[in-house]
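This report concerns only the one structure given below.
Number of protein chains: 2
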Amino acid sequence: MNHQDSSGDRGLVIVGSVALDTIATPFETRKDVLGGSASYACAAASFFIPAGMVGVVGTDFPEAHMEKYRKFGIDLAGLQKDEGETFRWSGVYEPDMINRKTLSTELNVFASFTPELPAGYSRAPFLLLGNISPGLQVHVLSQAENAQFVVADTMDLWINTQRDELMDVVSKINMLTLNDSEARLMTGEHNIVKCAEQIMGYGPDYVVIKKGEHGAVLFGKNEIFLVPAYPVGEVCDPTGAGDSFAGGMMGYLAAAKATDGAAVKKALLYGSVIASFGVEKFGLDRLEMLTLSDIDRRLNELKSMIGVA
Amino acid sequence: MNHQDSSGDRGLVIVGSVALDTIATPFETRKDVLGGSASYACAAASFFIPAGMVGVVGTDFPEAHMEKYRKFGIDLAGLQKDEGETFRWSGVYEPDMINRKTLSTELNVFASFTPELPAGYSRAPFLLLGNISPGLQVHVLSQAENAQFVVADTMDLWINTQRDELMDVVSKINMLTLNDSEARLMTGEHNIVKCAEQIMGYGPDYVVIKKGEHGAVLFGKNEIFLVPAYPVGEVCDPTGAGDSFAGGMMGYLAAAKATDGAAVKKALLYGSVIASFGVEKFGLDRLEMLTLSDIDRRLNELKSMIGVA
């Protein structure tokens, strides 16, 4: 069954996981927190544009969460509801609130998920392939006949287990985002400048190396842009920060209908700021309370912290 | 015997270690490389001002190294030569070129070192207490009757073994510089914003948290400044990067005779850029070939990478 909550062409389509996460931090444990890469990315994009979400949930997925998505303005025409349970992930953060250990992963309905784009989605100019298997990412990409700017996120699991499929994705996109450790794993290089050069050689115009609390670095043809991270005084739950970062960036670009270098840089700053809010509470809790003026205020604060005032 | 190579009041005095380092990287091993916190810091400062070096060498210290110091314009009136061998350190870098293991430390003449400031040094307005024992740092500070801006660097060893003496130093200085892991060790806090607030509570106006390849963060009363790191494509030897960073910063401030916030921020950018050059070759080799116009060119490049162009 598809939720066809709205119609019309989408400016931005985001495919990824929808999860019910059980998250343990040194301070608190929360069960069945609404998460997954699609949730974080669509919520983050929503400050700029109502994204179309492509994902799958089970029949146990609470209606309250659907309502939460709608409040964010997320379009749910591409969110399938399949017989079975929703994807569940459970992890525990170390006292540093950065490193974490996965305790369990139950794929459930995600195991047989084949993402299909509704008609209005396949013509979207902006496409974010959130962190799912590269096989699924390629399947979505093949349906996106009108995509002008495609960003894919990935992780160590796919680099280790589906390298060929991942390289296929990487050869077809405009930007790859990945962690510094994943960039090293993908290339066999330690130095991130060399990592990025090598990855750009695989095809993408841009590589964004994510460094968590240290920000990110954008590499493009003959340019480097250092994306600062806002120093958050109270980190509650870092889950989904990378997805919020990518979603916020893509939301800004899709709303601005821009892909030039200046727009990409501004978009990355927005992504960084939205991610910095997101970690202040569990799941989407902080983003739910957030306004664009909060975001702009922190963006200006961040700019003044790097001497751009 | 003291080397009294020049006279007159110094604008900047730097106390620290002088070492002959044996450095193993995954690519190359070098023996008896001229190093130590005072060497790196004075060399880095030299692009702005001839600093007075306070330290100790043994009778085995090569005259060629003294000549190297003189070429940097370093004043050597405060460099003692004592009977015995020069301090030696040996370490091996992991493949990441970031983490390292100390293989041996031979204090030699450093074991009985008591730094004494020549007359022209005790009136210096700018004082950098490089990474030596806090007991020695306090001893130097007590002789610096005219110090207006005092920066101290420290390390995990002193936090673990001489905490009381270190806290005494920290209470008497304007700025403390230390690594993020050391800030966590000192305060028992993980979050670096909280670490910095706590350390400022001990006395200093500024805390600079150093994060290696990720840059540094300046914390002051009601302000935060994110110091970017230039992305170096070829890291040869990271030894002394923190010392070059601090030395470059202090060199700029002492030459500008300024301690206001804007000057401190500009000084930190200079320190970051000089440190980024320093790691490109072993020891002081890269700094020896460097000019202020090279530094200014990379500073502008770094600024454009953060959108200040």
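These protein sequences, in sequence, are chains L and E. Here the first sequence stands for residues 1 to 309, where the numbers follow the numbering used here. Here the second sequence stands for residues 1001 to 1309, where the numbers follow the numbering used here. Note that the Cβ used here is the ideal one computed from N, Cα and C, for glycine as well. Computed from a predicted model, the values in this text were never measured in an experiment.
| query | result |
| --- | --- |
| Helix, strand or coil for ASP168/L, going by three-state DSSP, please let me know. | helix |
| Output the distance between the C-alpha atoms of GLU288/L and PHE72/L, rounded to the nearest integer angstrom. | 7 Å |
| Quick one: is ILE1049/E buried, meaning 16 or more other Cβ sit within 10 Å of its Cβ, or exposed? | buried |
| Looking at PHE1126/E and LEU1269/E, is the spacing between their C-beta atoms short of 8 Å? | no |
| Looking at SER37/L and MET108/L, is the spacing between their C-beta atoms short of 8 Å? | Here residue 108/L is Asn; the residue named in the question, Met, does not match the sequence. Not closer than 8 Å, so no. |
| Taking only three categories from DSSP, how would you classify MET1175/E? | strand |
| I want to see whether chain E comes within less than 8 Å of ASP9/L, judged by CB atoms only; does it? | no |
| For the pair the region 1170-1186 of chain E and the region 1207-1226 of chain E, tell me if three or more CB-CB distances fall below 8 Å. | yes |
| With 8 Å as the threshold, decide whether the Cβ of VAL1208/E is near any Cβ in chain L. | no |
| In the DSSP output, which residue or residues are listed as bridge partners for GLU106/L? | ARG88/L |
| Beta-carbon of LEU1226/E versus every beta-carbon of chain L: anything under 8 Å? | yes |
| Can you tell me whether GLN1137/E is buried or exposed? The criterion is at least 16 other CB atoms within 10 Å of its CB, across all chains shown. | buried |
| Check the Cβ-Cβ distances between PRO1238/E and every residue of chain L, and say whether any is below 8 Å. | no |
| Give the residues from the region 1174-1191 of chain E that approach chain L closer than 7 Å (Cβ to any Cβ), ordered along the chain. | HIS1190 and ASN1191 |
| Can you pull the chain L residues whose beta carbon is under 9 Å from the beta carbon of ASP1096/E, in chain order? | ARG184 and HIS190 |
| Within 10 angstroms of its Cβ, does ASN191/L collect 16 or more other Cβ (buried), or is it exposed? | buried |
| If you draw a straight line from the alpha carbon of GLY212/L to that of VAL1217/E, how long is it in whole angstroms? | 15 Å |
| Chain L partners of PRO1231/E, CB-CB under 8 Å? | ILE192, VAL193, VAL217, ILE224 and LEU226 |
| With a threshold of 8 Å between beta-carbons, can HIS139/L be considered close to chain E, or not? | no |
| Using the C-alpha atoms, what's the distance from GLY261/L back to MET1155/E? | 41 Å |
| State the DSSP-derived secondary structure class of HIS3/L, mapped to helix, strand or coil. | Note that HIS3/L scores 32 on pLDDT, short of 50, meaning its location in the model is unreliable; the coordinates nonetheless yield the value given after this. Coil, per DSSP. |
| Output needed in chain order: residues of the region 1276-1309 of chain E with a Cβ under 7 Å from some Cβ in chain B. | Going by chain labels, chain B is absent from the structure shown, which instead holds the protein chains L and E. |
| Would you verify that the beta carbon of LYS101/L is, or is not, closer than 8 Å to some beta carbon of chain E? | no |
| Determine the chain E residues that contact LYS172/L at a beta-carbon separation under 9 Å, and present them in chain order. | Chain E residues near LYS172/L: none, gap ~27 Å exceeds 9 Å. |
| Span of the alpha helix (DSSP H) holding GLU1223/E? | Looking at the DSSP string, GLU1223/E is not in any alpha helix (DSSP H); the run it does join, the beta strand (DSSP E), is 1223-1227. |
| With H, G and I counted as helix, E and B as strand and the rest as coil, what does DSSP make of PHE312/L? | Shown here, chain L extends from 1 to 309; a query on residue 312/L therefore has no answer. |
| Within the 8 Å Cβ cut-off, does LYS1221/E reach chain L? | no |
| Does any C-beta atom of chain L lie closer than 8 Å to the C-beta of VAL1235/E? | yes |
| Excluding the 5 residues preceding and the 5 following GLY1242/E in the sequence, name in chain order all residues of the same chain whose CB lies nearer than 6 Å to its CB. | LYS1210 |
| In the structure shown, what three-state DSSP assignment does TYR1121/E receive? | helix |
| I'd like to know whether the C-beta atoms of PHE47/L and LEU292/L end up nearer to each other than 8 Å. | yes |
| Do the CB positions of SER1017/E and PHE1061/E come within less than 8 Å of each other? | no |
| Is there at least one Cβ from chain L nearer than 8 Å to LYS1211/E's Cβ? | yes |
| Taking the alpha-carbon of MET1186/E as reference, which of ARG1297/E, PRO1204/E and LEU1166/E has the nearest alpha-carbon? | LEU1166/E |
| Spell out whether any CB of chain L is found under 8 Å from the CB atom of HIS1065/E. | no |
| Given that a residue counts as buried once 16 or more other Cβ atoms are within 10 Å of its Cβ, and exposed if not, what is ARG1184/E? | buried |
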